Amino acid sequence: MAEPTTTPQFKVRVVKDYTVFCAGHFITYEGDKCESLHGHNYRAAASVEGDLNSDFYVLDFSVLKKLLRGLCDQLDHKMLVPLHNPRLTVEAGPDEVLLRYGAKRYIFPRSDTLLLPIPNTTAEQLAEWIGGELERALRERGAAGLRALEVEVEESFGQAAACRRTL
Ligand SMILES: [Zn+2]
Numbered sequence: 002m003a004e005p006t007t008t009p010q011f012k013v014r015v016v017k018d019y020t021v022f023c024a025g026h027f028i029t030y031e032g033d034k035c036e037s038l039h040g041h042n043y044r045a046a047a048s049v050e051g052d053l054n055s056d057f058y059v060l061d062f063s064v065l066k067k068l069l070r071g072l073c074d075q076l077d078h079k080m081l082v083p084l085h086n087p088r089l090t091v092e093a094g095p096d097e098v099l100l101r102y103g104a105k106r107y108i109f110p111r112s113d114t115l116l117l118p119i120p121n122t123t124a125e126q127l128a129e130w131i132g133g134e135l136e137r138a139l140r141e142r143g144a145a146g147l148r149a150l151e152v153e154v155e156e157s158f159g160q161a162a163a164c165r166r167t168l
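Reminder that position 16 of the sequence shown reads as 17 in my numbering, one-by-one numbering, no gaps.
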């Protein structure tokens with residue numbers, strides 16, 4: 002029998018019952034529309050592609066689980082506020098965050114909000130933000146031999162967006 006000629010590629014993925022976050026948000030869309038304030042029970046998954054290390058794994062599962070859990074905890078029980086939405090004005094004071102969209106005004110306690118450097122709190126943009134933070138954390142740990150990182154954010158059952166980045 003001939004040996005396989007293809008090169009195997011490896012990927013690890015984590016999604017656990019604790020990689021979840023319950024958060025409030027609204028998105029703006031189609032130019033002049035703005036959703037009503039609502040929330041989701043989000044679930045995040047992360048996968049990493051790369052070479053096998055000398056112990057024959059891509060990345061320690063416990064490392065990936067811990068990092069993803071930490072990011073989910075940051076998002077949990079927060080009002081998610083996008084800082085880079087041109088249609089939304091955000092005034093963040095020490096105690097309160099004031100949002101304006103047209104004639105709508107929202108005021109939240111600062112401690113209940115998470116200000117995110119993204120234009121809209123879509124599942125895609127949340128996946129991108131989580132992926133960026135994960136990439137930074139992995140680089141800080143000196144993780145070597147990684148080729149790609151993908152984060153998936155499910156905002157309701159069977160409805161998810163993913164963001165993949167090449168490392
Ligand atoms: Zn929503």
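Glycine included, C-beta positions come from ideal geometry on N, C-alpha and C.
Being a predicted model, the structure only gives us computed values, none of them experimental.
Task: Own chain partners of E125 with C-beta closer than 7 Å, once the 5 adjacent residues on each side are dropped - done: Here residue 125 corresponds to residue number 124 of the sequence shown, with the count starting at 1. Result list for E125: A162, C164, in chain order.
Open item on the list: Using a Cβ-Cβ cutoff of less than 8 Å, which residues in the same chain neighbour H85 once the five nearest sequence positions on both sides are dropped?
Closed with: Here residue 85 refers to the residue found at position 84 when the sequence shown is read from its first residue. Correct list, in chain order: P118, I119, P120.
Task: Under the three-state DSSP convention, the category K67 falls into - done: Within the sequence shown, the letter at position 66 stands for residue 67. Helix.
- [ ] Please report how far the alpha carbon of G40 lies from the alpha carbon of D113, in whole angstroms.
- [x] The residue labelled residue 40 in the question sits at position 39 within the sequence shown. The residue labelled residue 113 in the question sits at position 112 within the sequence shown. Their Cα atoms are separated by approximately 13 Å.
Open item on the list: Taking the straight line between their C-alpha atoms, what separation do you get for L76 and D52?
Closed with: Taking the first residue of the sequence shown as position 1, residue 76 is located at position 75. Taking the first residue of the sequence shown as position 1, residue 52 is located at position 51. So the two alpha carbons sit approximately 31 Å from each other.
TODO: Say yes only if the C-beta of H78 is nearer than 7 Å to one or more non-hydrogen atoms of ligand 1, and no if none qualify.
DONE: Start at 1 with the first residue of the sequence shown, and residue 78 comes out as number 77. Not so, every heavy atom of ligand 1 lies at least 7 Å from the Cβ.
Task: Pairwise C-alpha distance: N54 and H26 - done: Numbered from 1 along the sequence shown, position 25 holds the residue referred to as residue 26. Numbered from 1 along the sequence shown, position 53 holds the residue referred to as residue 54. Taking the straight line joining both Cα atoms gives about 40 Å.
Task: For V152 and E129, the rounded distance between their alpha carbons - done: Residue mapping note: residue 129 aligns to position 128 of the sequence shown, counting from 1. Residue mapping note: residue 152 aligns to position 151 of the sequence shown, counting from 1. Spanning the two alpha carbons is a distance of roughly 7 Å.
Open item on the list: I need the boundaries of the beta strand (DSSP E) containing D44, first residue and last residue.
Closed with: Counted from its first residue, the sequence shown places residue 44 at position 43. Note that residue 44 is Arg in the sequence shown here, rather than Asp. From DSSP, the beta strand (DSSP E) with R44 extends over 39 to 51.
Open item on the list: Closest to D74 by C-alpha separation, out of A145, A45, T122, E97, would be which residue?
Closed with: As a position in the sequence shown, residue 74 is number 73, starting the count at 1. Considering only alpha carbons, the answer is A45.
Open item on the list: Quick check on DSSP: helix, strand or coil for F22?
Closed with: As a working mapping, residue 22 is identified with position 21 in the sequence shown. Strand, per DSSP.
Task: Top-ranked residue by Cα proximity to L81, from G159, I131, R140 - done: Position 80 of the sequence shown holds residue 81. Considering only alpha carbons, the answer is I131.
Task: Nearest residue (CA-CA) to E141, options R111, L127, V64, F158 - done: On the sequence shown, residue 141 is found 140 positions in, with the first residue counted as 1. The option with the nearest alpha carbon to E141 is V64.
Open item on the list: Nearest by alpha-carbon distance to R14: which of V21, R88, T8, K66 is it?
Closed with: Translated into the one-based positions of the sequence shown, residue 14 becomes position 13. Answer by Cα proximity: K66.
TODO: Please name the residue in T8, S48, F109 whose C-alpha comes closest to that of T20.
DONE: For this step, residue 20 is matched to residue 19 along the sequence shown. Among T8, S48, F109, the Cα nearest to that of T20 is on S48.
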